[in-house]
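Everything below concerns the one structure shown next.
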Amino acid sequence: QQSIKHNKQYKMASSGSGYDLNPSTFSPDGRIFQVEYASKAVDNAGTALGIQCSDGIVVCVEKPKPTAISKMLVQHSMTSKRVHPVSQHCGLAFTGLASDARQLVNRAKEEAANYKDTYGSEIPPKILADRMSAYVHYFTLHGSLRPFGATTLIAGYDVDLKEHALYMVEPSGVAYQYHGCAAGKGRQSCKTELEKVLLSSQTSLESTTVSVTSQEAVKQLARMIQLLQEDSNNKDVELEMGWVCAESGWNFARVGTTIVDEALVWAKADIEAAEEEDDDEDDENDMEE
Amino acid sequence: STHNIHTNTPKTMMQHQHQHHAGHPNYESQLKPGEVGTGTTIMAIPFDGGVVLGADSRVSTGVYVANRVCDKIAQLHDNIWCLRSGSASDCQALTDYVKHYLSQHAIDVGRPPMVKTAAYLMKRLVYENKDKLLAGVIVGGWDPVEKGSVYNVPLGGACLKMPVAIGGSGSPFIYGLVDSEMAKGPKDKAEALALVKKAVSHAMSRDGSSGGIIRTVVVTSTGNEYEYTSGSDLPYGP
Numbered sequence: 002q003q004s005i006k007h008n009k010q011y012k013m014a015s016s017g018s019g020y021d022l023n024p025s026t027f028s029p030d031g032r033i034f035q036v037e038y039a040s041k042a043v044d045n046a047g048t049a050l051g052i053q054c055s056d057g058i059v060v061c062v063e064k065p066k067p068t069a070i071s072k073m074l075v076q077h078s079m080t081s082k083r084v085h086p087v088s089q090h091c092g093l094a095f096t097g098l099a100s101d102a103r104q105l106v107n108r109a110k111e112e113a114a115n116y117k118d119t120y121g122s123e124i125p126p127k128i129l130a131d132r133m134s135a136y137v138h139y140f141t142l143h144g145s146l147r148p149f150g151a152t153t154l155i156a157g158y159d160v161d162l163k164e165h166a167l168y169m170v171e172p173s174g175v176a177y178q179y180h181g182c183a184a185g186k187g188r189q190s191c192k193t194e195l196e197k198v199l200l201s202s203q204t205s206l207e208s209t210t211v212s213v214t215s216q217e218a219v220k221q222l223a224r225m226i227q228l229l230q231e232d233s234n235n236k237d238v239e240l241e242m243g244w245v246c247a248e249s250g251w252n253f254a255r256v257g258t259t260i261v262d263e264a265l266v267w268a269k270a271d272i273e274a275a276e277e278e279d280d281d282e283d284d285e286n287d288m289e290e
Numbered sequence: 005s006t007h008n009i010h011t012n013t014p015k016t017m018m019q020h021q022h023q024h025h026a027g028h029p030n031y032e033s034q035l036k037p038g039e040v041g042t043g044t045t046i047m048a049i050p051f052d053g054g055v056v057l058g059a060d061s062r063v064s065t066g067v068y069v070a071n072r073v074c075d076k077i078a079q080l081h082d083n084i085w086c087l088r089s090g091s092a093s094d095c096q097a098l099t100d101y102v103k104h105y106l107s108q109h110a111i112d113v114g115r116p117p118m119v120k121t122a123a124y125l126m127k128r129l130v131y132e133n134k135d136k137l138l139a140g141v142i143v144g145g146w147d148p149v150e151k152g153s154v155y156n157v158p159l160g161g162a163c164l165k166m167p168v169a170i171g172g173s174g175s176p177f178i179y180g181l182v183d184s185e186m187a188k189g190p191k192d193k194a195e196a197l198a199l200v201k202k203a204v205s206h207a208m209s210r211d212g213s214s215g216g217i218i219r220t221v222v223v224t225s226t227g228n229e230y231e232y233t234s235g236s237d238l239p240y241g242p
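Right, dumping it as structure tokens:
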């Protein structure tokens, strides 16, 4: 009875009735509904973006301004951050249920420290992504546990191979390496924008000359988030960014608030300029008639 | 995770201090009665393009030479080797563990492991079990990141990257020789191999627990050259 009531809230094609009570149950058509519901929690949360640049990785998360939630919240407190370094060269950005994601961040820090103790080197991002995806996956097959309602973007630098990489770990436990990725509310439009940016001066994403630099990417990501805000008319949102790049000495660091603010200013101006161009074009078309 | 028996207690630390004489471990008294020891001379030198590792071949139980042609060189991975000294059984156990963890690690990272990683694994095992083990190990090899490198992991479980490493009961006798030869400048492959044979020969002639033949491995990016120098061909001695 509880599950039928629950499903009537969703305009889903198939009902989970009876097969969605815990992750240890498959539905007859081969789905694990609890994992899908966990992804829904991420889909409804703030947008997180990541992009692989020629000289590093940049990640970005939009989140509600603390003042929009409560005037008593301290701004820029560590407790409200969505971008966290987990080792010297690796960091996480997350979206979804913040409390779930915090545990993932803690786990990532443990994995990184444990790897360093055992093998003597900083954890390569590939290994960190493997460990995190195994951890997240573990919670998708126990009757007594629920999946994490959070997606983490892993930005890292492999000190030995001297390569930077971006991974995204979803609530189902899959982790892929991306040129550009997005999660959360605005992921559909952001994915299109990311492709435009990455393909702007190369014929395919697999070509070795990625043209976007980290500096440029900061501005572009700010622009994408700003576009979402304009669409949804939501002004109570602020940005958090992190990067691991040549500029940061290949250490994962949060991008300074000055740089982020400047990027937002640039983004707003760029969007306005683009709109004016569109208006001019429309005017020209009208005049021809 | 690594094999962890006991952490070091104050009592065992005192025992260690008592048994060490003038900074050199007394191998004979630390072996259990009847235990097979590799009173040994081992040596490794990195050169431009790889590493040379060398060892003598004597295994003794007391004054009896249990094996005069023993192989003290163990392979940890394709291009990573280690040299053993101290208790033969302890060294073999350590080598087996490190080989196992290293092979799994290589699959995880998807590329050849680094010598540094092998050395760290060895160090972790030796340090965490220092009160139960008597093993001095030298890890050396070639990897694409650091090229040729050598790490000395002595009794207590330190991990020291060095331009030349010597170990075993025969090593005190050749510190002077090795230091003066190394001061002459960096070695290429032939010079490094010659120095290893010369130094180990000198140690074998002065240390009763070292002797037999000299086994050497030259490790480069292209592979390993594994040879031995018989007793009659030693550059120095008996």
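Taken in sequence, the protein lines are chains A and B.
Using this note's numbering, read the first sequence as starting at 2 and increasing by one per residue.
Using this note's numbering, read the second sequence as starting at 5 and increasing by one per residue.
Glycine is no exception: its CB is placed at the ideal position from the N, C-alpha and C atoms.
Can residue i and residue j be called in contact, C-beta distance under 8 Å?
| i | j | result |
| --- | --- | --- |
| TYR20 (chain A) | THR121 (chain B) | no |
| GLY53 (chain B) | LYS193 (chain B) | yes |
| GLY144 (chain B) | ALA207 (chain B) | no |
| GLY140 (chain B) | TRP146 (chain B) | no |
| VAL175 (chain A) | THR153 (chain A) | no |
| PHE253 (chain A) | PRO125 (chain A) | no |
| TYR136 (chain A) | ARG103 (chain A) | no |
| MET242 (chain A) | VAL266 (chain A) | no |
| LEU138 (chain B) | LEU159 (chain B) | yes |
| VAL200 (chain B) | VAL56 (chain B) | yes |
| GLU248 (chain A) | SER215 (chain A) | yes |
| LYS202 (chain B) | TYR155 (chain B) | no |
| ASP181 (chain A) | CYS91 (chain A) | Note that residue 181 (chain A) is Gly in the sequence shown, not Asp. Not a contact, by the Cβ cut-off of 8 Å. |
In this structure, does DSSP put residue i in helix, strand or coil?
| i | result |
| --- | --- |
| ASN326 (chain B) | Any question about residue 326 (chain B) goes unanswered here, given that chain B covers just 5 to 242. |
| LEU181 (chain B) | helix |
| LYS64 (chain A) | strand |
| MET186 (chain B) | helix |
| PRO37 (chain B) | coil |
| GLU171 (chain A) | coil |
| THR259 (chain A) | helix |
| GLN3 (chain A) | With a pLDDT of 47 at GLN3 (chain A), under the threshold of 50, the modelled position of this residue cannot be trusted, and the question is left open. |
| CYS95 (chain B) | helix |
| LEU22 (chain A) | coil |
| HIS28 (chain B) | Annotation note: pLDDT 49 at HIS28 (chain B) (below 50); position unreliable, coordinate value reported separately. Strand at HIS28 (chain B). |
| ARG62 (chain B) | coil |
| ALA46 (chain A) | coil |
| ASN234 (chain A) | coil |
| PHE27 (chain A) | coil |
| HIS180 (chain A) | coil |
| VAL213 (chain A) | coil |
| LEU222 (chain A) | helix |
| THR226 (chain B) | coil |
Between the Cα of residue i and the Cα atoms of the options, which residue gives the shortest distance?
| i | options | result |
| --- | --- | --- |
| ALA123 (chain B) | B:LYS193, B:GLY161, B:VAL113 and B:PRO239 | B:GLY161 |
| TRP244 (chain A) | A:LEU22, A:SER55, A:ASP287 and A:GLU196 | A:SER55 |
| PRO24 (chain A) | A:LYS186, A:PRO65, A:ALA183 and A:PHE140 | A:PHE140 |
| PRO172 (chain A) | A:PRO29, A:GLY31 and A:VAL36 | A:VAL36 |
| PRO116 (chain B) | B:ASN133, B:LYS103 and B:VAL157 | B:LYS103 |
| ALA223 (chain A) | A:ASP44, A:SER40, A:LYS64 and A:SER28 | A:LYS64 |
| ARG83 (chain A) | A:ARG32, A:SER100, A:LYS72 and A:THR214 | A:SER100 |
| LEU35 (chain B) | B:ALA59, B:SER93 and B:VAL157 | B:SER93 |
| LYS41 (chain A) | A:ALA275, A:GLY57 and A:LEU98 | A:LEU98 |
| GLY172 (chain B) | B:MET118, B:ALA187 and B:ARG210 | B:ARG210 |
| VAL60 (chain A) | A:TYR179, A:MET133 and A:VAL160 | A:TYR179 |
Closer than 9 Å by beta-carbon distance: list the chain B residues that pair up with residue i, in chain order.
| i | result |
| --- | --- |
| SER134 (chain A) | None at all; the shortest Cβ gap to chain B is about 13 Å. |
What does residue i reach in chain B if we use C-beta pairs closer than 7 Å?
| i | result |
| --- | --- |
| PRO125 (chain A) | VAL113 |
List the residues of chain A that residue i touches, going by C-beta distances under 8 Å, in chain order.
| i | result |
| --- | --- |
| VAL149 (chain B) | ASP161 and LEU162 |
| LYS120 (chain B) | GLY121 and SER122 |
| HIS109 (chain B) | TYR120 |
| ARG128 (chain B) | ASP118 and THR119 |
Can you determine whether any heavy atom of the ligand NAD sits closer than 7 Å to the C-beta of residue i, and answer yes or no?
| i | result |
| --- | --- |
| SER88 (chain A) | Absence of the ligand NAD from the depicted structure is noted, as is the absence of any ligand whatsoever, leaving it without description. |
Name, please, each residue of chain B whose Cβ falls closer than 8 Å to the Cβ of residue i.
| i | result |
| --- | --- |
| ILE128 (chain A) | ASP112 and VAL113 |
Along chain A, in chain order, which residues have C-beta atoms closer than 9 Å to that of residue i?
| i | result |
| --- | --- |
| LEU125 (chain B) | THR119, TYR120 and GLY121 |
Along the chain, which unbroken stretches of the alpha helix (DSSP H) at least 4 residues long are found entirely within the region 48-100 of chain A? 67-70
Ignoring anything shorter than 3 residues, give me the beta strand (DSSP E) runs that lie fully in the region 120-162 of chain A, in order along the chain. 151-159
With a floor of 3 residues, list each beta strand (DSSP E) that falls wholly inside the region 114-179 of chain B, ordered by position along the chain. 139-147, 151-157 and 169-171
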